[in-house]
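Counting in our numbering, the sequence shown runs from 1099 upward without gaps. A short worksheet on the structure shown next.
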Amino acid sequence: MSTYLIKDARILGGDAQDVLIRDGLIAGIGAGLAAEDATVVEAAGQILLPGLVDLHTHLREPGREDAETVATGANAAALGGFTAVHAMANTDPVADTAGTVEQVWRLGQESGRCDVHPVGAVTVGLAGKRLAELGAMADSAARVRVFSDDGKCVDDAVIMRRALEYVKAFDGVVAQHAQEPRLTEGAQMNEGTVSGELGLRGWPAVAEESIIARDVLLTAHVGSRLHVCHVSTAGSVEILRWAKSKGWNVTAEVTPHHLLLTDELVRSYDPVYKVNPPLRTAADVAALREALADGTIDAVATDHAPHPGEDKDCEWAVAAMGMLGLETALSIVQETMVDTGLLDWAGVADRMSTRPADIGRLDGHGRPIAVGEPANLVLVDPGARRTVEPSELASRSRNTPYAGLVLPGRVVATFLRGVPTVIDGKLA
């Protein structure tokens, strides 16, 4: 392995120090470090964070390689500063067997850009009728610990209870897509003033909140672990805050787009803003930011959802739901949380690396930047400004809601176990 010396980096936003990387580990931290065999990376006061961890990524392979592959998604992840991502199970075939999750895991190994951890389906075919092979997926080479029917809700309370009980055997977690299906039939956007004015069928906040309320109670009853995907409403925040006050083992994530965008954007009828759960109100956005700041929401997760052009370049009613997120997530968090004073860079490291790695039970990720620790790192220039250009993204798809926006921050370098996957903002 090569040796790298990062000069004058501000670890978690602190004072500038040098960081020596050798044999995949952090070999030294301090002022004035030197190593004759080292490749020098001049940080010049840029921010050094532990490599980011995404709990919620759609890599589309197998089945929809026209939208994304594990390789292209891993490239996008590395450019976004991620060293590990969790690949959701709603592929074709569904990742509901040991064989399928091992296929995704091996594709991630081959990419070499970031660690890809498959998420196993909770139910066979995401149909919500019977449990998938949770134990076999946990024991497979992929060592699955996160299980989700994301894209669909495990709406049957008995099935959800059984899943929560089952994953206790191997310290797994059920990640719930909280959406009561009967309350959201045909829904096109957030239910509220804007949906009424536009004449689009609304998706009420209670459709999310009622499932979360049920599931935190089930989790407490069986003594298991629950993770709530893409929290989007102020009411959901209050339920989570209450559940955590009880000491229940409940965690939650918020997406970058729900920290920034609101349902007012739907007035354009541009399908790039169609997403599941939908963009909510400015009051919801404010509540989500506050909850991420105070720790009620544990993590930022991208819900990176690539779609080919034909699934988005169409009328709103038939357009697919989802947005790209891997390459812009850190910039959105800087804009909404750091530049507003709600989080410092240590807080960003906690919400985008430490806590997600703990929730996913990942070894070697989300670790402190300290001597002897794995060199999974991202170097960020917070003073940079960039205009989002969809054609320049590494993803195979182009459905970013930030096209043309000027965003703060730039990932300068990403290291995966001491190997640079990104240098000077480009794939190594």
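Note that beta-carbon positions come from the ideal geometry of N, C-alpha and C, so glycine has one too. In this text the structure is predicted, and so the values were computed from the model without any measurement.
field: Neighbourhood of Asp-1116 by C-beta, 8 angstroms cutoff - its chain only, sequence neighbours within 5 removed
entry: Leu-1103, Ile-1104, Lys-1105, Asp-1106, Ala-1107, Gly-1126, Ile-1127, Gly-1128, Ala-1129, Gly-1130 and Leu-1131
query: How long is the line joining the alpha carbons of Val-1138 and Leu-1224, rounded to whole angstroms?
result: One C-alpha to the other measures close to 48 angstroms.
message: Checking 8 angstroms against the spacing of the C-beta atoms, do Val-1271 and Leu-1324 come in under that value?
response: yes
task: Spatial neighbours of Arg-1459 within its chain, please: CB distance less than 7 angstroms, with the 5 preceding and 5 following residues excluded, ordered by chain position.
output: Arg-1243 and Asp-1269
task: In angstroms with no decimal places, state the Cα-to-Cα distance between Val-1194 and Ile-1337.
output: Per the sequence shown, residue 1194 should be read as Asp rather than Val. Spanning the two alpha carbons is a distance of roughly 30 angstroms.
query: Buried or exposed: which applies to Lys-1227, given that a residue is buried once 16 or more other Cβ atoms fall within 10 Å of its Cβ?
result: exposed
task: Taking only runs that begin and end inside the stretch 1133-1207, name each unbroken alpha helix (DSSP H) of 4 or more residues, in chain order.
output: 1168-1177
query: Under a Cβ-count criterion, where at least 16 other Cβ atoms within 10 Å of its own Cβ denotes burial, should Asp-1396 be classed as buried or exposed?
result: buried
- request: Please say whether Val-1202 and Ala-1276 have beta carbons closer to each other than 8 angstroms?
  value: no
task: Report yes or no: do three or more beta-carbon pairs, one from the stretch 1474-1485 and one from the stretch 1500-1511, lie closer than 8 angstroms?
output: Per the Cβ contact rule, the stretch 1474-1485 is in contact with the stretch 1500-1511 (3 or more Cβ pairs under 8 angstroms).
message: Is the separation between the beta-carbon of Ile-1309 and that of Glu-1278 shorter than 8 angstroms?
response: Closer than 8 angstroms, so yes.
- prompt: Considering only residues of the same chain and omitting the five flanking positions on each side of Asp-1392, which have a CB-CB separation below 8 angstroms?
  reply: Excluding sequence neighbours, Asp-1392 sits near nothing in its chain.
- request: Look up Thr-1291 in the DSSP assignment and say whether it is helix, strand or coil.
  value: Thr-1291 sits in a helix when the DSSP states are folded into three classes.
- prompt: How would you call Gln-1144, buried or exposed, if buried means at least 16 neighbouring beta carbons within 10 angstroms?
  reply: buried
query: Is it true that the CB of Thr-1400 sits closer than 8 angstroms to the CB of Leu-1424?
result: yes
- request: Select from Leu-1232, Ala-1255 and Ile-1124 the residue whose C-alpha is nearest the C-alpha of Ser-1246.
  value: Leu-1232
message: From the DSSP secondary-structure annotation, give me the bridge partner or partners of Leu-1477.
response: Answer is Leu-1146 and Ala-1511.
- request: Just mark Ser-1366 as buried or exposed, buried being the case when its beta carbon has 16 or more other beta carbons within 10 Å.
  value: Answer is exposed; the Cβ neighbour count stays below 16.
query: Comparing the C-beta of Asn-1288 with each C-beta of chain C, is any distance below 8 angstroms?
result: The chain labelled as chain C is not found in the depicted structure, where only one protein chain is given.
Secondary structure of Thr-1498, DSSP reduced to three states: coil
task: Could you tell me which of Lys-1250, Leu-1422 and Glu-1166 sits nearest to Tyr-1500, measuring between CA atoms?
output: Leu-1422
Of the listed residues Arg-1204, Glu-1351 and Thr-1221, nearest to Ser-1451 (C-alpha basis): Glu-1351
task: Please confirm if the stretch 1202-1220 is in contact with the stretch 1157-1172, defined as three or more CB-CB distances below 8 angstroms between the two stretches.
output: yes
- request: Could you have a look at Glu-1351 and say whether DSSP puts it in helix, strand or coil?
  value: strand
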